[in-house]
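Student: Be aware that the sequence shown starts at 74, since it is given in the numbering used here, and climbs by one per residue. Each residue gets a CB set at the ideal place from its N, CA and C atoms; glycine is no exception. Quick one: the structure is below, questions incoming.
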Amino acid sequence: MREEDNPFEVIAAHLRACEEALLDPTVRRDRARVHDLLTEDFQEFGASGLVWTRREIFDLLASETYIPPSIQDFHCALIGEGVALVTYRAVRADAHTGLHIESLRSSIWTKIGDRWRLRFHQGTRSS
């Protein structure tokens, strides 16, 4: 069976592409693109321990210096009608030391109309 023949695989591939877009510095600086990907009530629990709202994320992403991580161990599970849980490991090299920094990421995506939008995201530092 081809991926495009399996609706779940199509959803998983789409949500991975959305996660990758949100890690792309060009997308992160584009308020309209981020606006289209996040729900009005979006919230993030950052790996730093800070909690971010949608408005705060817009301000943060517009001014950040950011080295995008790669996604490893990507998983997607449908947890309800039009609701998906995405988990993965984000890996990047520290700009100063070159050491690998890993965090575990989880996202809850909801389908609103015909579009998937991010409602909640959490990053947790990994050892």
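#1: In the DSSP assignment, find the alpha helix (DSSP H) that holds E117 and state where it starts and stops.
#2: Leaving out five residues on either side along the sequence, give the residues of the same chain with a beta carbon under 8 angstroms from the beta carbon of L96.
#3: Just to check my reading of the structure: R192 and D103 have Cβ atoms closer than 8 angstroms, yes? What is that Cβ distance to the nearest angstrom?
#4: State whether the region 77-85 contacts the region 120-128, with contact taken as three or more CB pairs (one from each stretch) at a distance under 8 angstroms.
#5: Cutting at 7 angstroms between CB atoms, please list the residues of its own chain near D146, excluding the five before and the five after it.
#6: I need the DSSP call for S180, collapsed to helix, strand or coil.
#7: Please go through the region 145-169 and give each complete beta strand (DSSP E) segment of 3 or more residues, from N-terminal end onward.
Tutor: From the atom records:
#1: As a working mapping, residue 117 is identified with position 44 in the sequence shown. Premise fails: E117 lies in the beta strand (DSSP E), L111 to F118, not in any alpha helix (DSSP H).
#2: As a working note, residue 96 is residue 23 in the sequence shown. So the qualifying residues of the chain are P141, P142, I144 and A163.
#3: The sequence position of residue 192 within the sequence shown is 119, counting from 1. The sequence position of residue 103 within the sequence shown is 30, counting from 1. At roughly 20 angstroms, the Cβ-Cβ gap does not stay under 8 angstroms, so R192 and D103 are not in contact.
#4: Counting Cβ pairs under 8 angstroms, fewer than three are found: no touch.
#5: Position 73 of the sequence shown, counted from the start, is the residue given in the question as residue 146. The answer, listed in chain order, is Y161 and R162.
#6: Locating residue 180 in the sequence shown gives position 107, where the first residue counts as 1. In the structure shown, S180 falls within a strand segment according to DSSP collapsed to helix, strand and coil.
#7: Along the region 145-169, the beta strand (DSSP E) occurs as fully enclosed runs of 3 or more residues at 156-166, listed in sequence order.
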